[in-house]
Amino acid sequence: MDDHSDEFLLRVCAALAEAGFEPSGPGGDGVHLIRQARGVMIGWWPVEITPAPAVLPPDIDDAAEQPALRHAFRLAVAAALRAAGSAVETRADDGLLVIDPEYTGRM
């Protein structure tokens with residue numbers, strides 16, 4: 577990874593932290609960032625939640641697996657990053673790609 581890549585990753589981390597999202601360590605649950613050629617991929621592996629049983633539909637054991645939570649996470653993170661001036665793509669794999677301006681030629 578070059579200095580620009582490190583700087584871009586740090587800017588993404590700072591924007592996430594400002595919005596209240598803290599990346600987790602390798603192998604942990606929570607927000608994950610992976611540097612890619614076009615930018616930074618952001619994904620979420622939910623922390624196990626112990627919900628009140630009456631709140632969940634009978635076929636869902638863990639609230640963190642509800643598609644609505646994943647969708648809300650993606651919307652909140654994308655909005656925070658766009659407000660910080662980043663270009664963000666929603667990926668089909670439930671992740672977000674924050675586009676590196678150097679990749680697109682924008683600065």
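Positions 577 to 683 (the numbering used here) are the ones given, in order, by the sequence shown.
Virtual Cβ for every residue (Gly too), placed ideally from N, Cα, C.
Using a Cβ-Cβ cutoff of less than 7 Å, which residues in the same chain neighbour residue 621 once the five nearest sequence positions on both sides are dropped? Close CB contacts of residue 621 within its chain, under the 7 Å cut and outside five residues either way in sequence, are with 605, 606, 608 (chain order).
Member of 670, 612, 594 whose CA lies at the smallest distance from the CA of residue 677: Ranking the options by Cα distance to residue 677, first place goes to 612.
According to DSSP, what are the bridge partners of residue 673? Paired residue(s): 617, 665.
So residue 644 is in the alpha helix (DSSP H); what residue range does that whole segment cover? First-last of the alpha helix (DSSP H) with residue 644: 643–659.
Whole-Å CB distance - residue 615 paired with residue 674, under 8 Å assumed: Under the criterion of beta carbons closer than 8 Å, residue 615 and residue 674 qualify as touching, at roughly 5 Å.
Boundaries of the beta strand (DSSP E) in which residue 606 is found, first to last residue: Counting along the chain, the beta strand (DSSP E) containing residue 606 begins and ends at 606–611.
Should residue 611 be counted as a contact of the ligand GDP given a C-beta to heavy atom distance under 8 Å? Of ligands this structure carries none, so the ligand GDP is not represented either.
Residue of 588, 596, 583 minimising C-alpha distance to residue 661: The shortest Cα separation from residue 661 among 588, 596, 583 belongs to 588.
Alpha-carbon spacing of residue 643 relative to residue 649, whole angstroms: Taking C-alpha positions only, residue 643 is separated from residue 649 by approximately 10 Å.
Residue 610 burial status per 10 Å Cβ neighbour count (16 or more: buried): Exposed, by the Cβ-count rule.
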